[in-house]
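*Asks:*
Numbering (the numbering used here), first residue to last: 23 to 316.
1. Out of 69, 185, 256, 207, which one is the CA nearest neighbour of residue 151?
2. Within its chain, find whatever has a CB closer than 6 Å to the CB of residue 307; leave out the 5 residues flanking it on each side and keep chain order.
3. Can the beta-carbon of residue 225 be found less than 7 Å from the beta-carbon of residue 73?
4. Which of the three DSSP states is assigned to residue 46 in this structure?
5. With DSSP as the reference, please indicate the residues paired to residue 132 in a beta bridge.
6. Which residues does DSSP pair with residue 259 in a beta bridge?
7. Assign residue 28 to one of two classes, buried (16 or more other C-beta atoms within 10 Å of its C-beta) or exposed (fewer than that).
8. Helix, strand or coil, according to DSSP, for residue 317 in the structure here?
9. May I ask you to report which of helix, strand or coil DSSP gives residue 62?
10. Excluding the 5 residues flanking residue 214 on each side, which residues of the same chain have their C-beta closer than 6 Å to its C-beta?
11. What number of angstroms, rounded off, separates the C-alpha of residue 293 from the C-alpha of residue 205?
12. For the beta strand (DSSP E) containing residue 295, list its first residue and its last residue.
13. I'd like the span of the alpha helix (DSSP H) that includes residue 220, first residue to last.
14. Mapping the DSSP letters down to three states, classify residue 213 as helix, strand or coil.
15. Check residue 162 in the structure and name its three-state DSSP category.
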């Protein structure tokens with residue numbers, strides 16, 4: 023009797039996706055899982071590029087910031103090549119530049135800076151007071167409420183098992199077209215085990231940092247990214263890693279959008295542990311405009 027092969031979980035698939043293949047000195051190859059989307063999820067490209075950069079630094083150097091640009095949509099059916107340039111190796115800081123390539127063209131670039139661990143001044147903004155995740159609607163109930171009204175492409179994406187669970191503290195923007203304040207708080211957690219390795223932990227944090235950000239820039243306009251008349255895409259992404267992260271509990275992703283203009287929306291995010299420690303800050307600008315044929 024043949025033993026049935028067990029399918030990998032969504033988190034196992036994500037970790038395998040981050041385990042890039044080394045092709046040559048400073049050259050790596052990554053693949054994309056089928057998540058039902060027509061283009062590669064931006065958070066995946068950020069995370070893979072960060073992993074490529076981390077493969078070229080000493081084990082005692084950890085990422086403290088990254089700055090990235092999205093140039094072309096990624097093709098999920100084709101591997102992505104990551105070319106790392108070793109810009110600088112200093113006594114305290116290390117700098118790397120990564121270019122992601124598909125079909126012979128650059129689709130994404132990332133610059134990242136790494137630092138040895140040092141003691142120094144320490145302060146942070148306090149975490150906002152929000153409803154704890156246990157008192158919020160779970161993803162199963164959320165899908166039952168929201169997905170029947172969502173476009174087919176969105177349904178295919180959300181119906182699949184995902185490595186990150188999200189619990190928004192408010193669902194108003196999903197259920198109405200009211201013009202809302204441009205801010206939101208979302209609890210996030212990993213669904214599955216993340217390796218006890220600072221490089222993988224930073225990459226998974228970078229992966230989830232791209233989730234839900236662009237939505238907030240549309241709140242004041244009473245429209246959603248899921249609206250079929252909208253054209254939306256991330257243009258750039260910046261992230262600062264303040265403190266190490268553990269994925270043993272929920273994290274709060276607090277987001278706001280200070281401005282939208284010129285068909286672009288800008289959003290900021292702060293990621294806290296449940297106990298209130300600020301572990302990362304994020305900023306992103308994205309394209310938000312009505313389709314010409316809408």
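Beta carbons: idealized from backbone N, C-alpha and C, even for Gly.
*Replies:* A quick look at the data gives this:
1. Comparing Cα-Cα distances from residue 151 to each of 69, 185, 256, 207, the minimum goes to 207.
2. Counting only residues of its own chain and dropping the five nearest sequence neighbours on each side, residue 307 has a CB closer than 6 Å to the CB of 257, 258, 286, 288.
3. Pairing residue 225 with residue 73 gives a Cβ-Cβ distance under 7 Å.
4. Here residue 46 carries a strand assignment [DSSP, helix/strand/coil].
5. For residue 132, which the question treats as bridged, DSSP gives the partners 90, 120.
6. Answer is 90, 306, bridged to residue 259.
7. An exposed status is given to residue 28, since fewer than 16 other beta-carbon atoms sit within 10 Å of its beta-carbon.
8. Nothing in the structure corresponds to residue 317, since the chain is present only between 23 and 316.
9. In this structure, residue 62 counts as coil in the three-state DSSP scheme.
10. Within the same chain, residue 214 has close Cβ partners 31, 33.
11. About 14 Å.
12. Element bounds for residue 295: 286-295.
13. Unbroken alpha helix (DSSP H) run through residue 220: 220-231.
14. Looking at residue 213 - three-state DSSP - the assignment turns out to be coil, as it is neither helix nor strand.
15. DSSP places residue 162 in helix when its eight states are reduced to three.
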